[in-house]
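Beneath this line is the structure, given in structure tokens, with notes to follow.
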Amino acid sequence: MTIYPKLHESFHICSNPNEVGIDIVMNRITGISDIMNFLDEHGINVIHFDWSGLVNEKLRLFLIVDMTNYKDTPEKMLEQIKSISSTIDEVTLSPVVNGKLIFTRSLFPLVISKSRGIILPVGVAEGMFEVFKEHFGDDMGTSILYHLGYAVGVRFYDRLLKPLEPNSLEELIQLLDAHLISLGIGVMKEYKIQSDEKFWLRVERVWECESLKGKVNKPAGNTFRGMLSGIFEGYLGHRVVVNETECMAIGYDACKFEVVSIK
Ligand SMILES: [Zn+2]
Numbered sequence: 111m112t113i114y115p116k117l118h119e120s121f122h123i124c125s126n127p128n129e130v131g132i133d134i135v136m137n138r139i140t141g142i143s144d145i146m147n148f149l150d151e152h153g154i155n156v157i158h159f160d161w162s163g164l165v166n167e168k169l170r171l172f173l174i175v176d177m178t179n180y181k182d183t184p185e186k187m188l189e190q191i192k193s194i195s196s197t198i199d200e201v202t203l204s205p206v207v208n209g210k211l212i213f214t215r216s217l218f219p220l221v222i223s224k225s226r227g228i229i230l231p232v233g234v235a236e237g238m239f240e241v242f243k244e245h246f247g248d249d250m251g252t253s254i255l256y257h258l259g260y261a262v263g264v265r266f267y268d269r270l271l272k273p274l275e276p277n278s279l280e281e282l283i284q285l286l287d288a289h290l291i292s293l294g295i296g297v298m299k300e301y302k303i304q305s306d307e308k309f310w311l312r313v314e315r316v317w318e319c320e321s322l323k324g325k326v327n328k329p330a331g332n333t334f335r336g337m338l339s340g341i342f343e344g345y346l347g348h349r350v351v352v353n354e355t356e357c358m359a360i361g362y363d364a365c366k367f368e369v370v371s372i373k
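Position one of the sequence shown corresponds to residue 111 (this note's numbering), numbered consecutively onward.
Here's what the structure looks like:
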């Protein structure tokens, strides 16, 4: 399957000095095609495009464009965009820092599944694996990561999955699949339900296992395993044990999590 990554960028590092950011406030979503046509007709290349949710019937756009082939100034471009349509309320240049980082203040906060979201690049978040191992030792570090994941899983079920009223374990797993891929946590490859007491999932690209690939000699999905425990216990109403029996961190193509009920 071809991968089409979602670029979640509200900032951009310029690769040439002709790149500028544009913040636009619109009072109707339908005017977007007029803006795109204008940019296309003037040889202005759109590098990035992002938008907000609707608030009081208004939305905000954030575009990064390359003006290399545009004959006029950025100010002139803003003026022209403003005059395209009455659906456009405001057009301004986005702030620039350090001469090369363009960002927007208009797409805050991030909202994921109706709650506020934050984004931590994996290369930054993976620091916690090292700190737990270093300060608490391997076993204690693993246990802390599992319990962190468990606490997240309990809320993940209560706030994201339970409100969607899954009718069966299979439907819960399908809802989990949709959330894992939408949130960038991992990609469910397959699952098998022997009964509500015994089932397994195979998940590709679990973020923590991917970042620990080749650095460990045992399965590494500790927060993910904890998260699954919290989710399935929430749904089933009793304790479960989740074991990771295959892991991409130690050479498998996906991570396999086996879930068994304890009653
Ligand atoms: Zn794993």
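We treat Cβ as the ideally placed atom computed from N, Cα and C, and that holds for glycine.
Within 7 Å of the C-beta of V316 there is at least one heavy atom belonging to ligand 1. In the three-state reduction of the DSSP assignment, S120 falls in the coil class, being assigned neither a helical nor a strand state.
Rounded to whole angstroms, L285 and V313 show a C-alpha spacing of 14 Å.
The shortest C-alpha to C-alpha distance from D133 to any of D182, D150, D199 is the one to D199. Contact annotation: the stretch 277 to 296 does not touch the stretch 188 to 202, with fewer than three C-beta pairs closer than 8 Å.
At a threshold of 7 Å, M358 counts as near ligand 1, since its beta carbon sits closer than that to one of the ligand's heavy atoms.
In this structure, E354 has its beta carbon less than 7 Å from a heavy atom of ligand 1. Closest option to H122, judged by alpha-carbon separation, among L311, K224, P205, D248: P205.
DSSP, reduced to helix, strand and coil, places H245 within a helical segment of the structure shown. Shortest gap from the CB of P329 to any heavy atom of ligand 1: under 7 Å. Per DSSP, reduced to three states, the secondary structure at K181 is coil, with no helix or strand assignment. Counting only runs of 3+ residues, no beta strand (DSSP E) is found wholly inside the stretch 242 to 289.
The three-state reading of DSSP puts L346 in helix, counting H, G and I together.
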